[in-house]
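Shown next, in structure tokens, is the structure this report addresses.
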Amino acid sequence: MPALLLPLAASPIAGRGEQPTPNPALLHTSLIAVAVPQPRKIQVHDPITIIVREDKRATTDSQLKSERDAKLQAELRKWFRLNKDGRLVAQLPEGEPGIDAELDAEYEGKGKVNRKDTLITRIAATVIDVKPNGTLVLQARKDIKVDEDRQLVTLTGICRAEDVAAQNTVLSTQVADLSVQIEHTGPARDAARRGWAARLWDFIRPF
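Numbering (the working numbering), first residue to last: 1 to 207.
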């Protein structure tokens with residue numbers, strides 16, 4: 001007589017967000033009953049690998065045009081003078097002094113900036129805190145030095161414990177409050193950096 005396979009029966013209805021557990025009796029009698037794996041509990045100081053895939057693009061286009069026109073004209077038709085006693089003397093026969101000034105100013109400026117940043121890397125982070133609701137606070141630091149060139153990458157953020165995959169990885173798109181800082185030092189950075197005169201000129205920008 002063939003063996004009787006009993007269907008998997010679950011325990012009473014579980015609460016919302018909880019997985020139903022199989023009947024313990026069926027785990028010993030049924031050939032197909034499989035125990036539900038318990039979720040791994042992540043603790044402080046546990047390592048988690050963050051897969052960083054960030055692609056950022058920024059475009060800025062600005063245009064400014066300013067025109068100014070001012071004109072001043074003044075004329076004094078009656079011109080007189082006083083003597084030492086303060087008495088009025090004869091007017092100047094040809095005394096018609098005047099002031100005439102004119103000012104024209106025009107400024108036009110255009111600027112356009114296109115920037116694209118792509119960062120793809122894997123970095124091992126450490127759980128520095130576990131919130132009461134199970135949220136994980138992550139912190140990572142990666143220091144790479146090749147000869148005299150150095151690259152320092154620091155990362156902080158928070159994620160949910162259920163977002164951590166079975167491979168102990170989490171995507172950067174699943175990390176909230178993500179902060180990534182990259183610092184380059186060394187000859188390669190110095191060669192690509194603008195000189196102090198160019199930076200000073202951009203700061204002053206007299207025209």
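Using N, Cα and C, we set each Cβ at its ideal position, and we do this for glycine too. Keep in mind that this is a model prediction, so the values were computed, not measured.
Worksheet item: CA-CA distance, I128 and A197?
Response: CA-to-CA, the gap between I128 and A197 works out to about 44 Å.
Item to complete: With a cut-off of 8 Å on the beta carbons, I'd call V52 and S172 a contact; round off their distance for me.
Response: Taking 8 Å as the upper bound for CB-CB distance, V52 and S172 are in contact here, some 4 Å apart.
Discussion item. Does the beta-carbon of E106, which I'm using as the reference point, lie nearer than 6 Å to any heavy atom of the ligand ATP?
Written reply: With respect to the ligand ATP, the structure shown offers nothing to examine, as it has no ligands at all.
Worksheet item: Taking K112 as the reference, which of V170, P47 and D61 has the closest Cα?
Response: Answer by Cα proximity: D61.
Discussion item. Whole angstroms are fine: how far does the CA of L64 sit from the CA of E106?
Written reply: Each residue's Cα considered, the two are about 11 Å apart.
Discussion item. Check for me: the beta strand (DSSP E) holding I144 runs from which residue to which?
Written reply: Run containing I144: L136 to V146, per the beta strand (DSSP E) assignment.
Fill in: Reference L152; option with closest CA among K131, Q167, R189 and G109
Nearest to L152 by alpha-carbon distance, out of K131, Q167, R189 and G109, is R189.
Worksheet item: Beta carbon of L119, beta carbon of A140: below 7 Å?
Response: No, they are not a contact pair.
Worksheet item: Do K56 and D143 have their C-beta atoms closer together than 7 Å?
Response: Between K56 and D143, the gap from beta carbon to beta carbon reaches 7 Å or more.
Worksheet item: Less than 7 Å separating the beta-carbons of N168 and I42?
Response: At least 7 Å separates the beta-carbon of N168 from that of I42.
Worksheet entry | Collapsed DSSP secondary structure at Q174 in the structure displayed | In this structure, Q174 counts as helix in the three-state DSSP scheme.
Practice prompt. Compare the Cα-Cα distances from V180 to each of L138, A166 and A165 and report the closest residue.
Written response: Looking at L138, A166 and A165, the one whose alpha-carbon comes closest to that of V180 is L138.
Worksheet item: Between which two residues does the beta strand (DSSP E) carrying I158 extend?
Response: Element bounds for I158: D149 to C159.
Discussion item. Bridge partners for H184 per DSSP, in chain order?
Written reply: According to DSSP, H184 bridges with Q151.
Worksheet item: Cα separation between G134 and R193?
Response: Each residue's Cα considered, the two are about 44 Å apart.
Practice prompt. Out of D104, R160, K110 and E108, state which residue places its alpha-carbon closest to the alpha-carbon of K131.
Written response: Out of D104, R160, K110 and E108, R160 has the C-alpha closest to the C-alpha of K131.
Discussion item. Short of 7 Å in beta carbon distance, which residues of its chain neighbour D124, apart from the five on each side in sequence? Order them along the chain.
Written reply: First, the residue type needs correcting, since residue 124 is Ala and not Asp in the sequence shown. P47, T49 and A140.
Worksheet item: Looking at the structure shown, is A58 part of a helix, part of a strand, or coil, going by DSSP?
Response: A58 falls in the strand class under three-state DSSP.
Discussion item. According to DSSP, simplified to helix, strand and coil, what is R53?
Written reply: Of the three classes helix, strand and coil, the one that applies to R53 here is strand, per DSSP.
Item to complete: Tell me whether L200 is buried or exposed, calling it buried when 16 or more other Cβ atoms sit within 10 Å of its Cβ.
Response: Exposed, because fewer than 16 other Cβ atoms sit within 10 Å of the Cβ of L200.
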